[in-house]
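Going by my numbering, the first residue of the sequence shown is number 345, and it counts up by one from there.
The C-beta atom is built at its ideal place from N, Cα and C for all residues, glycine as well.
All figures in this text were calculated on a predicted structure; none of them were measured in a lab.
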Amino acid sequence: MRVSRKTILLVFTVVIVTAAGFTVYWASIPHLPWLFKGAYAVYSGKTTVLFIPVEFTFRLEVLDYNSTHVKMLTYQRIDGFASIENSTTAWQPLIKTTGSAPPSRTYESDLYVEGIGLRHCMVYVYEGYNNVSTVYVDKGINWPLKFQYNYTYSFLWSDVPLFLDLRMTDTNIPGLKK
């Protein structure tokens, strides 16, 4: 059986075009160590609400991604008065590094992470009515390492401060594994 030159040229062209298309697609995806299906991090923290100890667990997990977006699972569990669980799934832009509203302030800082060591972070501060939220994002990996919440709520006739520090306790992300 003899294969014509046109057939060989056609196959060669298809292979080259497919490889070129894949290369362009792959190059358009930001190469982040956490950008793989199943990448996750778990954060934990404790606080006291009206003299009752409350434990918080927060998990971020990559479910899927493409060249422009990542599908993230966000899971929260609160144990204290009762156990409350909630999870959401949403597609987020890959290039977006801050929340839905712009931060009030940003600055760089070093953060010590147990089991990992000192990490250089970009810190995003969000201020709202009676609350300040702060997120520490690793500059090298572009993944959050810590969340802090300061909130003041009214109880009876006084304002009661609430402080919560959620630190990363578990992950499978290269460069952040404990």
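* Taking 8 Å as the threshold, find out whether the segment 449-458 comes into contact with the segment 427-438 through three or more Cβ pairs. => no
* Would you decide whether proline 488 is buried or exposed? Buried here means 16 or more other CB atoms lie within 10 Å of its CB. => buried
* Among all the DSSP beta bridges, which residues are the ones paired with isoleucine 460? -> According to DSSP, isoleucine 460 bridges with nothing at all.
* To do: Go through its chain and collect everything with a Cβ distance to valine 481's Cβ below 8 Å, but skip five positions before and after it.
  => Thr441, Cys465, Met466, Val467, Tyr468, Trp487, Pro488 and Leu489
* Asked: For leucine 462, which of Lys483, Val406, Arg403 and Leu510 has the nearest alpha-carbon?
  -> Lys483
* Asked: Do you know how far the Cα of isoleucine 396 is from the Cα of serine 502?
  -> 18 Å
* To do: Spell out the partners DSSP gives phenylalanine 400 in its beta bridges.
  => Gly389 and Ile422
* To do: Could you check if tyrosine 387 is buried or exposed, using at least 16 other CB atoms within 10 Å of its CB as the buried criterion?
  => buried
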